[in-house]
Structures are given as structure tokens and as C-alpha cells.
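No gaps in the numbering here: position 3 of the sequence shown is 3 in the numbering used here, and each next residue is one more.
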Amino acid sequence: MNPSTPHPTRQTPRRQFISQLAALIAAGSSPQVLAGNRKSGNQRPRVGTGQYVYECYHDWGLDRLPAGHHYGGASHGVTTDSQGLIYITHHGNPGSIFVFDPSGRFVKSMAPHQRTLDKESSSSTGRGHGIDIRKENGAEFIYLAPNHASLFFSKISLDGELLWHRDRGSLERESSVFQDARVRFRPTNTSFRPDGGYYLGDGYGSNTLFEYTKDDQFVRAIGGKGTADGKFQTPHGQWLDDRDGIPKLVVADRANRRLQWFDMDGQHLKTQGGFLFPADIDTQGELMLVPDLHARVTLLDRNNQVISHLGEDPTWRAEVLSNNFAMRSKRSQWRPGRFVHPHDACFDSEGNIFVVEWVESGRVTKLVRV
1 MNPSTPHPTR QTPRRQFISQ LAALIAAGSS PQVLAGNRKS GNQRPRVGTG
51 QYVYECYHDW GLDRLPAGHH YGGASHGVTT DSQGLIYITH HGNPGSIFVF
101 DPSGRFVKSM APHQRTLDKE SSSSTGRGHG IDIRKENGAE FIYLAPNHAS
151 LFFSKISLDG ELLWHRDRGS LERESSVFQD ARVRFRPTNT SFRPDGGYYL
201 GDGYGSNTLF EYTKDDQFVR AIGGKGTADG KFQTPHGQWL DDRDGIPKLV
251 VADRANRRLQ WFDMDGQHLK TQGGFLFPAD IDTQGELMLV PDLHARVTLL
301 DRNNQVISHL GEDPTWRAEV LSNNFAMRSK RSQWRPGRFV HPHDACFDSE
351 GNIFVVEWVE SGRVTKLVRV
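So this is what it looks like as C-alpha cells:
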């Protein structure tokens with residue numbers, strides 16, 4: 001499989017290319033976006049060390065978006081299905097999810113129900129955030145978490161059919177978390193249990209994870225706001241960690257700069273620091289992948305020891321975090337082989353990594369292991 005994306009002047013009719021360019025500029029991009037970080041020959045920036053070195057394909061798939069399609073204010077979440085299709089959530093148009101095939105060819109837009117009216121532009125815009133896919137009884141389903149208080153967690157089919165949704169009112173009826181009207185609701189992510197149940201993460205709102213059975217029955221609320229073990233400050237993402245054969249819930253407790261592990265009964269097991277602003281989690285084999293909003297992506301081994309901080313550069317990070325994150329909108333200053341704000345990341349079936357970033361006009365980087 002060739003991970004590179006064709007140059008637009010070779011693959012796209014000129015009129016369509018100009019339309020795409022205009023759309024990207026309107027979304028806040030600079031004209032350099034379609035050229036990405038290509039260099040002469042096959043030389044591409046690399047990140048990682050030892051056995052885990054990756055070539056960076058920045059802006060993967062971007063020049064294949066149809067006219068009128070853009071990531072808008074940010075690209076947010078990423079996952080893959082069993083056929084290798086890549087699903088990317090965003091704050092752009094249309095819909096709230098873009099789907100690509102493994103070569104970077106655009107397939108379709110999905111999930112228009114994750115949209116709200118943008119007050120500044122007076123137009124509707126996507127609010128896609130957390131996304132993951134699970135196979136259930138032979139079929140795959142998408143679980144979604146939009147980061148907007150007026151919207152809701154949802155489960156949809158791969159064809160986009162809305163199967164259920166849970167909003168603040170639903171969670172208030174099923175738990176006691178929202179009895180106080182001052183408690184906010186703003187979803188961030190979902191994750192799965194080995195028994196068919198799942199977790200809904202209200203990371204930007206109540207700092208709580210809501211556990212459900214495979215039959216969609218509420219079980220318990222985990223967390224709440226705080227700094228003690230078992231409490232959270234922005235539980236932004238979570239995942240099932242069964243790398244040692246014992247299933248555990250692991251949570252990216254972002255503003256507390258740590259990961260926390262829980263058993264399947266919701267009891268706290270351990271806490272590990274050493275992170276900057278961990279945003280989400282994925283696992284494959286003995287590896288754990290942690291995108292960190294502060295300009296790096298971390299690989300951990302089976303014992304949760306750091307293998308590599310991909311893209312680590314303290315000087316660059318200082319630039320990224322300065323001036324209230326102004327770098328996220330300055331595409332012309334982004335550097336090859338460096339991340340700005342990794343917001344989610346996942347492995348594909350071949351061990352490559354897709355990283356999506358919280359940056360204006362969006363950025364998807366495919367890390368191809370060499």
C-alpha cells in the first residue's frame with residue numbers, strides 16, 4: 001500500500017483544484033496546505049527512535065477532499081473499521097465525519113446530526129469530537145461524542161442510521177450527576193467493555209464517565225471533578241487496556257496531566273503521571289498510544305514505560321503553547337516532523353499511526369513505520 005497522496009495537479013482537474021483551494025482558504029488555510037510538507041525525492045521527516053521510527057505524511061488525504069468539504073475549526077477524532085476505512089471527526093462542513101479509504105481517497109461525509117449554528121458565521125457547522133467503532137453480532141457500529149452541550153452521545157450504523165442517542169436529560173434521569181443545574185454537560189469520548197458494555201465520557205462537562213451494559217442499561221457514574229485518585233479534571237478520552245490479559249479502563253485525565261486505571265467494577269487501581277496534556281488512548285499488541293495536546297505523541301510498552309515521545313522538541317513546544325495557542329492557526333509556521341496539538345490518534349491494522357490535530361483547517365498525519 002502506498003501511503004502517499006497524489007499531487008493535486010496530477011490527479012485533480014484544474015477547475016476542481018482551484019475550487020478546493022478557495023474552500024480551504026475560506027476555512028482559514030494558507031495556499032501551501034495542498035503542497036503539504038513534500039520534499040524532493042522520497043525524503044520525508046521521521047519521528048521516533050529505535051524499533052519505532054515513522055515517516056510523516058502530513059495533511060494526509062487533504063488534497064482529496066471534494067469542493068466544499070473542509071475541517072473548519074479543527075480535526076478532532078480518528079478511528080478505523082475492519083475494512084481499513086479511516087473516519088475523521090471535525091468542526092467543518094458538510095456533516096461531522098469524513099471517511100477515507102487506506103490510500104487517502106475520499107469516500108463520503110457522515111453524521112449531519114452533529115451540527116449546530118455557529119454564531120459568528122450564522123451558519124451550521126459540524127461538532128464532531130470523539131469517535132470509535134465496535135463490531136457487535138457481526139456488524140460494526142460507530143459511537144460518537146460531539147463536544148457541544150446542546151447535542152448528544154449517539155450510536156449509528158456504518159451507513160449513518162441513528163440508532164440511539166443520550167443527551168443531558170437522559171443522563172440526568174439515569175444518574176444523579178446532573179441534579180445540580182450548575183453541573184455542565186459537554187461530551188468528549190466513548191469506549192468499550194469486553195462484556196459488550198460501554199462508557200460515555202462527559203469530559204468537558206461533569207468530569208464523569210457513565211457506564212452502560214450491552215443492553216443499554218445504566219450501571220454507574222465514575223469520577224467527578226477533582227485531583228485525588230479516582231477524580232478527574234477533563235477526562236478527555238478513555239480506552240480498554242487488556243494488554244496484560246486483565247481488562248481495565250484507562251482514562252486520559254488531561255488537565256491533571258496523568259493516566260488513571262480502573263477495574264471493571266469502577267474501582268481505582270493506579271495513577272501514572274509524566275504526561276503533559278494527554279488527550280486520548282489506543283492500544284495494539286503490547287503498545288499504548290497517547291496523543292498529547294502539547295505537541296507530541298507518546299508510545300508506551302506493556303509495562304507503561306515510555307518507548308518514545310514522537311515529535312518531542314521542547315523549543316518547538318514552547319512556541320506552540322505561547323500567545324494562547326496562536327500557533328494552531330498559523331499553518332505557514334508549522335514544521336515538518338513536528339506536531340502542533342495532537343487531539344486523537346489510532347493504529348491501523350498494519351501498525352501505522354493516524355494522528356489528528358486540534359488546529360484550524362485541520363491536519364491529519366499518517367505515521368508510516370519504517
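Beta carbons: idealized from backbone N, C-alpha and C, even for Gly.
**OP:** State the CB to CB distance for the pair residue 47 and residue 57, rounded to an integer number of angstroms; the pair is presumed to be in contact (CB under 8 Å).
**Re:** Counted from its first residue, the sequence shown places residue 47 at position 47. Counted from its first residue, the sequence shown places residue 57 at position 57. The Cβ separation is near 12 Å, so there is no contact.
Original post:
Within 10 angstroms of its Cβ, does residue 181 collect 16 or more other Cβ (buried), or is it exposed?
Top reply: Here residue 181 corresponds to residue number 181 of the sequence shown, with the count starting at 1. By the neighbour-count rule (16 or more Cβ atoms within 10 Å), residue 181 is not buried but exposed.
Subject >> Nearest-angstrom beta carbon gap, residue 96 and residue 128 [assumed within contact, 8 Å] >> reply: Counting from one through the sequence shown, the residue named residue 128 turns up at place 128. Counting from one through the sequence shown, the residue named residue 96 turns up at place 96. About 3 Å separates the two Cβ atoms, so the contact holds.
Original post:
So what does DSSP say about residue 173, is it helix, strand or coil?
Top reply: Mapped onto the sequence shown, residue 173 falls at position 173. Helix.
Original post:
So, are the CB atoms of residue 192 and residue 200 less than 8 Å apart?
Top reply: The residue you call residue 192 lines up with position 192 of the sequence shown. The residue you call residue 200 lines up with position 200 of the sequence shown. It is not a contact, given that the beta carbons lie outside the stated cut-off.
Original post:
At which residue ranges does the segment 274-333 contain complete alpha helix (DSSP H) runs of 4 or more residues, listed in the order of the chain?
Top reply: 314-321
**OP:** With DSSP as the reference, label residue 184 as helix, strand or coil.
**Re:** For the purposes of this step, residue 184 is taken as residue 184 along the sequence shown, with counting starting at 1. Residue 184 falls in the coil class under three-state DSSP.
Original post:
What are the residues that DSSP puts in a beta bridge with residue 123?
Top reply: For the purposes of this step, residue 123 is taken as residue 123 along the sequence shown, with counting starting at 1. In DSSP, residue 123 forms a bridge with 118.
Original post:
Does DSSP put residue 228 in a helix, in a strand, or in coil?
Top reply: Translated into the one-based positions of the sequence shown, residue 228 becomes position 228. Coil, per DSSP.
Original post:
What residues are listed by DSSP as bridge partners for residue 143?
Top reply: Here the question's residue 143 lines up with position 143 in the sequence shown. Paired residues: 132 and 155.
**OP:** Starting from residue 90, follow the beta strand (DSSP E) in both directions and report where the run begins and ends.
**Re:** Within the sequence shown, numbered from 1, the residue matching residue 90 stands at position 90. Residues 86-90.
Original post:
Hey, quick one: how far does the beta strand (DSSP E) through residue 253 stretch, first residue to last?
Top reply: Against the sequence shown, residue 253 aligns to sequence position 253. Its beta strand (DSSP E) spans residues 248-253.
**OP:** Give, in chain order, every unbroken run of the beta strand (DSSP E) that is at least 3 residues long and sits entirely within the segment 37-83.
**Re:** 46-49, 52-57 and 75-80
**OP:** Reducing DSSP to helix, strand and coil, say where residue 258 ends up.
**Re:** Residue numbering aside, residue 258 sits at position 258 when the sequence shown is read from its first letter. Here residue 258 sits in strand by DSSP.
**OP:** Can you have a look at residue 303 and say buried or exposed, based on whether 16 or more other CB atoms are within 10 angstroms of its CB?
**Re:** Taking the sequence shown and counting its residues from 1, one reaches residue 303 at position 303. So residue 303 counts as exposed.
Original post:
Near residue 89, what residues of its chain come up, given a Cβ to Cβ distance below 7 Å and the 5 sequence neighbours on each side ignored?
Top reply: What you label residue 89 is simply residue 89 of the sequence shown in a count that begins at 1. Answer for residue 89: 76, 77, 96, 97, 128, 129 and 131, listed in chain order.
Subject >> Backbone CA spacing between residue 44 and residue 337 [nearest angstrom] >> reply: Counting from 1 along the sequence shown, the entry for residue 44 is found at position 44. Counting from 1 along the sequence shown, the entry for residue 337 is found at position 337. Their backbone Cα atoms lie some 8 Å apart in a straight line.
**OP:** Starting from the C-beta of residue 241, find all residues in its chain whose C-beta is less than 8 Å away, skip the five residues before and the five after it, and write them out in chain order.
**Re:** Position 241 of the sequence shown, counting from 1, holds the residue named residue 241. Hits under 8 Å: 247, 248, 249, 250, 261, 281, 283 and 288.
Original post:
To which residues does DSSP link residue 266 through a beta bridge?
Top reply: Along the sequence shown, read from residue 1 onward, the residue named residue 266 stands at position 266. DSSP lists no partner for residue 266.
Original post:
Name the DSSP beta bridge partners of residue 164, please?
Top reply: On the sequence shown, residue 164 is found 164 positions in, with the first residue counted as 1. 155, per the DSSP bridge assignment.
Original post:
Is it the case that the Cβ atoms of residue 104 and residue 61 are separated by a distance below 8 Å?
Top reply: Residue numbering aside, residue 104 sits at position 104 when the sequence shown is read from its first letter. Residue numbering aside, residue 61 sits at position 61 when the sequence shown is read from its first letter. Their beta carbons are under 8 Å apart, which means residue 104 touches residue 61 by this criterion.
Original post:
DSSP beta-bridge partners for residue 233?
Top reply: Residue numbering aside, residue 233 sits at position 233 when the sequence shown is read from its first letter. In the DSSP output, where bridge partners are listed per residue, residue 233 has none listed.
Original post:
Which word fits residue 328, buried or exposed, when buried means at least 16 other C-beta atoms lie within 10 angstroms of its C-beta?
Top reply: Within the sequence shown, the letter at position 328 stands for residue 328. Residue 328 comes out buried.
Original post:
Is it true that the CB of residue 370 sits closer than 8 Å to the CB of residue 342?
Top reply: For the purposes of this step, residue 342 is identified with residue 342 of the sequence shown, where counting begins at 1. For the purposes of this step, residue 370 is identified with residue 370 of the sequence shown, where counting begins at 1. No.
Original post:
Do the CB positions of residue 258 and residue 277 come within less than 8 Å of each other?
Top reply: Position 258 of the sequence shown holds residue 258. Position 277 of the sequence shown holds residue 277. The answer is no: Cβ separation not under 8 Å.
Original post:
By DSSP, does residue 366 sit in helix, in strand, or in coil?
Top reply: For this step, residue 366 is matched to residue 366 along the sequence shown. Residue 366 falls in the strand class under three-state DSSP.
Subject >> Rounded separation between residue 290 and residue 366 - CA only >> reply: Position 290 of the sequence shown, counted from the start, is the residue given in the question as residue 290. Position 366 of the sequence shown, counted from the start, is the residue given in the question as residue 366. C-alpha separation (whole angstroms): 15 Å.
**OP:** With a 10 Å radius around its C-beta and 16 neighbouring C-beta atoms as the bar for buried, classify residue 179 as buried or exposed.
**Re:** Counting from 1 along the sequence shown, the entry for residue 179 is found at position 179. Exposed, since its Cβ has fewer than 16 Cβ neighbours within 10 Å.
Original post:
Would you report the Cα separation of residue 84 and residue 243, rounded to the nearest angstrom?
Top reply: The residue labelled residue 84 in the question sits at position 84 within the sequence shown. The residue labelled residue 243 in the question sits at position 243 within the sequence shown. Residue 84 and residue 243: Cα-Cα distance of roughly 22 Å.
Original post:
For residue 236, which residues of its own chain have a beta-carbon under 6 Å away from its beta-carbon, when the five flanking residues on both sides are left out?
Top reply: Within the sequence shown, numbered from 1, the residue matching residue 236 stands at position 236. Same-chain partners within the cutoff: 188, 203, 252, 254 and 279.
Subject >> Close beta carbons around residue 205, own chain, < 6 Å, minus the five adjacent residues each side >> reply: In the sequence shown, counting from the first residue as 1, residue 205 sits at position 205. Closer than 6 Å at the Cβ level, and outside the excluded window around residue 205, lie 184, 185 and 186.
**OP:** Within its chain, find whatever has a CB closer than 6 Å to the CB of residue 271; leave out the 5 residues flanking it on each side and keep chain order.
**Re:** On the sequence shown, residue 271 is found 271 positions in, with the first residue counted as 1. 229, 258 and 260.
Original post:
Can you tell which of 177, 86 and 274 has its C-alpha closest to the C-alpha of residue 107?
Top reply: Taking the first residue of the sequence shown as 1, we reach residue 107 at position 107. Of the candidates 177, 86 and 274, the one whose C-alpha sits nearest the C-alpha of residue 107 is 86.
Original post:
Looking at the unbroken beta strand (DSSP E) that takes in residue 189, where does it start and where does it end?
Top reply: Taking the first residue of the sequence shown as 1, we reach residue 189 at position 189. Element bounds for residue 189: 189-192.
**OP:** Would you decide whether residue 214 is buried or exposed? Buried here means 16 or more other CB atoms lie within 10 Å of its CB.
**Re:** Your numbering for residue 214 matches position 214 in the sequence shown. Flag for residue 214 reads exposed.
**OP:** Taking all protein chains shown into account, decide if residue 221 is buried (16 or more other Cβ within 10 angstroms of its Cβ) or exposed.
**Re:** Along the sequence shown, read from residue 1 onward, the residue named residue 221 stands at position 221. Buried, because 16 or more other Cβ atoms sit within 10 Å of the Cβ of residue 221.
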